[in-house]
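A.B. asks: Okay, here's the structure, questions in a sec.
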Amino acid sequence: MNYIIRVIDDELDIDESFGCNEDESVLHAMHRTGRKGIPLGCRGGGCGVCTVQVKKGHYSHKAMSACHISEDDLANDTVLACRIFPEQNLELCITGKIRRRFAAKANPMLLASHRAGR
Numbered sequence: 056m057n058y059i060i061r062v063i064d065d066e067l068d069i070d071e072s073f074g075c076n077e078d079e080s081v082l083h084a085m086h087r088t089g090r091k092g093i094p095l096g097c098r099g100g101g102c103g104v105c106t107v108q109v110k111k112g113h114y115s116h117k118a119m120s121a122c123h124i125s126e127d128d129l130a131n132d133t134v135l136a137c138r139i140f141p142e143q144n145l146e147l148c149i150t151g152k153i154r155r156r157f158a159a160k161a162n163p164m165l166l167a168s169h170r171a172g173r
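Just so you know, we're using the working numbering here: the sequence shown kicks off at 56 and counts up by one.
Next comes the structure, spelled out in structure tokens:
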């Protein structure tokens with residue numbers, strides 16, 4: 056089954072959607088959209104690069120490093136996109152390092168400023 060993943064960030068004026076199969080991770084689906092610059096990190100839940108907070112919807116998940124996702128995080132639906140699989144349509148906001156890639160699409164100057172160390 057294919058689900059819709061909606062990424063929302065009011066601060067960065069982001070509202071995007073993409074499809075995700077029930078048997079693929081949300082991170083893999085993000086990458087599959089062809090968006091350049093999505094850092095994939097370890098893809099195994101150990102690096103914490105792809106942290107997201109699920110605002111709506113249900114998902115299943117695989118093990119995630121406790122160094123990056125605490126029990127409190129998990130209870131608040133803060134998870135790693137590489138380790139979650141949708142069980143229905145999801146709405147999420149990006150909180151990890153990939154957030155700046157989404158910010159760059161909304162405002163390319165944000166990424167340029169970050170690279171310049173500002």
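Every residue gets a Cβ at the ideal spot worked out from N, C-alpha and C, and that includes glycine.
(1) Flag residue 60 as yes when its Cβ comes closer than 7 Å to any non-hydrogen atom of the ligand NAP, and as no otherwise.
(2) Between which two residues does the alpha helix (DSSP H) harbouring residue 83 extend?
(3) Find the nearest neighbour of residue 112 within the set 123, 133 and 153, judged by alpha-carbon distance.
(4) Would the stretch 98 to 107 count as touching the stretch 64 to 78 if we require 3 or more Cβ pairs under 8 Å?
(5) Skipping 5 residues on each side, what residues in its chain have a beta carbon closer than 6 Å to that of residue 88?
(6) Is it right to say residue 100 is buried, meaning 16 or more other beta carbons lie within 10 angstroms of its own, or is it exposed?
(7) Please state whether DSSP places residue 61 in a helix, a strand or coil.
C.D. replies: So, to answer that:
(1) Within the structure as shown, the ligand NAP is missing, as the structure has no ligands at all.
(2) Translated into the one-based positions of the sequence shown, residue 83 becomes position 28. From DSSP, the alpha helix (DSSP H) with residue 83 extends over 81 to 87.
(3) In the sequence shown, counting from the first residue as 1, residue 112 sits at position 57. When only C-alpha atoms are compared, the closest one is 133.
(4) Output reads no: the stretch 64 to 78 does not touch the stretch 98 to 107.
(5) Taking the sequence shown and counting its residues from 1, the one referred to as residue 88 is at position 33. Correct list, in chain order: 73.
(6) By one-based count along the sequence shown, residue 100 stands at place 45. It is buried - the Cβ of residue 100 has at least 16 other Cβ atoms within 10 Å.
(7) Position 6 of the sequence shown, counted from the start, is the residue given in the question as residue 61. Strand.
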